[in-house]
Every structure is written in structure tokens, then in C-alpha cells.
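In case it helps, my numbering puts the sequence shown at residues 41 to 104. Don't be surprised by glycine CBs; every beta carbon is placed ideally from N, CA and C.
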Amino acid sequence: MRISDPGNKEGFSIVEASVSLFVAGVLLLAVISFVRTTSKYTQKLVNRVDSYIQYQNEYTEKSL
């Protein structure tokens, strides 16, 4: 659906522009959600590894 203005044959209609912006917005939200989820998981994993290292250090100190 092109704009019917004779001087603008390269333009897009309002519907096409709105759909494009909607799709871009949904993709952006999906990327942001993925990044946030990955960040939370990474932080949880880092905390788990830190606690394991701390536990091993305490165990080693007690056994010496």
C-alpha cells in the first residue's frame, strides 16, 4: 500500500509504518527481556559459585 500522492512513490502508508513500528517495538522488548533474564541468571550463578568457594575455603581452614 503506497501513498497515493503522485510525488511520493517511495513512501509507505500509515498502516505499514504502524505495523513496522509495532514489530520493531516487540523485537526490542524481546531483546530487553532476554538480556534481563540472562543477567539475572548470570548473577545467580556467580552467587552460587562464590558461596561454593567460600564453603571450600572454610572447610579447608577447619581441616588444617
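Spatial distance of residue i from residue j (CA atoms)
| i | j | result |
| --- | --- | --- |
| Arg88 | Thr82 | 10 Å |
| Thr78 | Val55 | 34 Å |
| Val63 | Arg76 | 20 Å |
| Ser91 | Phe74 | 26 Å |
| Val71 | Thr100 | 43 Å |
| Ser53 | Ile93 | 60 Å |
Reduced DSSP category for residue i - H, G, I as helix; E, B as strand; rest coil
| i | result |
| --- | --- |
| Ser53 | coil |
| Leu85 | helix |
| Leu68 | helix |
| Leu61 | helix |
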